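Worksheet: the structure to be examined is printed underneath.
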Ligand code: 3PG
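Numbering (our numbering), first residue to last: 1 to 212.
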């Protein structure tokens, strides 16, 4: 978790990469890295996702590449074998957490309630994904959770945009914000990778302003 934490303390934004082929995934990643974002979450949502993950991890040595939307142990094992250096899930699955821990890979399970946060903490998790952040109570809910789980860090994801990024990053327990707003499907489909670089740079500027 250390390398991940260190990077996210400097650049607290995690973009999602979703692509139907590895070349496109690599081009998206290149655009994000050019904009200053080096923690990359490749989501397992397309048939080619594992191949995308493998290529992105192998071809971008400057990036720290993980897998998102990891739903079960089998996917977790496959993602780690493909080179994932961290695992993100939308919910809390004990098998996924155990598999990642056994492999020595950071795992950020999703939580949306105090009960789930407590369960994750007691499974040895140090950072949870707060999902879906905007629907689960936004920055107000995060502050309430952080006030009782003082040893947990949070990665809010779901509904984050340039309009509300600073509100989430203003909560000290937030390690980073994740989201797909940095990699719009329309920009990918039309090959506008400069736009993705611009969104990455914008996010970093907003983060720097929010964190002083
Ligand atoms: C996720 O997988 O974390 C969510 O789909 C991200 O939500 P967003 O698309 O609203 O950023």
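Think of the CB as a built atom: it goes at the ideal place given N, C-alpha and C, for glycine as much as any other residue.
Just so it is clear, the structure is predicted and the values come from calculations on it, not from any experiment.
I want to check one thing, is the minimum distance from the CB of residue i to the heavy atoms of the ligand 3PG below 6 Å?
{"i": "residue 180", "result": "yes"}
{"i": "residue 159", "result": "yes"}
Helix or strand or just coil, what does DSSP make of residue i?
{"i": "residue 61", "result": "coil"}
{"i": "residue 131", "result": "coil"}
{"i": "residue 174", "result": "strand"}
{"i": "residue 160", "result": "coil"}
{"i": "residue 119", "result": "helix"}
{"i": "residue 42", "result": "strand"}
{"i": "residue 139", "result": "helix"}
{"i": "residue 221", "result": "The question about residue 221 has no answer, for the chain in this structure spans 1 to 212."}
{"i": "residue 50", "result": "helix"}
{"i": "residue 153", "result": "strand"}
{"i": "residue 68", "result": "strand"}
{"i": "residue 188", "result": "helix"}
{"i": "residue 125", "result": "coil"}
{"i": "residue 84", "result": "coil"}
{"i": "residue 105", "result": "coil"}
{"i": "residue 214", "result": "With the chain running from 1 to 212 in the structure shown, residue 214 is simply not present."}
{"i": "residue 4", "result": "helix"}
{"i": "residue 198", "result": "helix"}
In angstroms, rounded to a whole number, what distance separates the CA positions of residue i and residue j?
{"i": "residue 130", "j": "residue 78", "result": "24 Å"}
{"i": "residue 31", "j": "residue 197", "result": "5 Å"}
{"i": "residue 188", "j": "residue 121", "result": "37 Å"}
{"i": "residue 173", "j": "residue 50", "result": "31 Å"}
{"i": "residue 52", "j": "residue 161", "result": "25 Å"}
{"i": "residue 61", "j": "residue 67", "result": "16 Å"}
{"i": "residue 5", "j": "residue 191", "result": "32 Å"}
{"i": "residue 45", "j": "residue 156", "result": "20 Å"}
{"i": "residue 135", "j": "residue 207", "result": "22 Å"}
{"i": "residue 164", "j": "residue 39", "result": "20 Å"}
{"i": "residue 168", "j": "residue 117", "result": "18 Å"}
{"i": "residue 72", "j": "residue 170", "result": "32 Å"}
{"i": "residue 195", "j": "residue 90", "result": "27 Å"}
{"i": "residue 95", "j": "residue 200", "result": "33 Å"}
{"i": "residue 108", "j": "residue 2", "result": "13 Å"}
{"i": "residue 8", "j": "residue 166", "result": "15 Å"}
{"i": "residue 209", "j": "residue 43", "result": "28 Å"}
{"i": "residue 19", "j": "residue 69", "result": "13 Å"}
{"i": "residue 99", "j": "residue 76", "result": "7 Å"}
{"i": "residue 102", "j": "residue 27", "result": "32 Å"}
According to the neighbour-count rule (16 or more other Cβ atoms, all chains shown, within 10 Å of its Cβ), is residue i buried or exposed?
{"i": "residue 124", "result": "exposed"}
{"i": "residue 113", "result": "exposed"}
{"i": "residue 58", "result": "exposed"}
{"i": "residue 74", "result": "exposed"}
{"i": "residue 29", "result": "buried"}
{"i": "residue 106", "result": "buried"}
{"i": "residue 115", "result": "exposed"}
{"i": "residue 140", "result": "exposed"}
{"i": "residue 104", "result": "exposed"}
{"i": "residue 15", "result": "buried"}
{"i": "residue 212", "result": "exposed"}
Three-pair Cβ contact test at 8 Å for the region 143-151 versus the region 177-185
no
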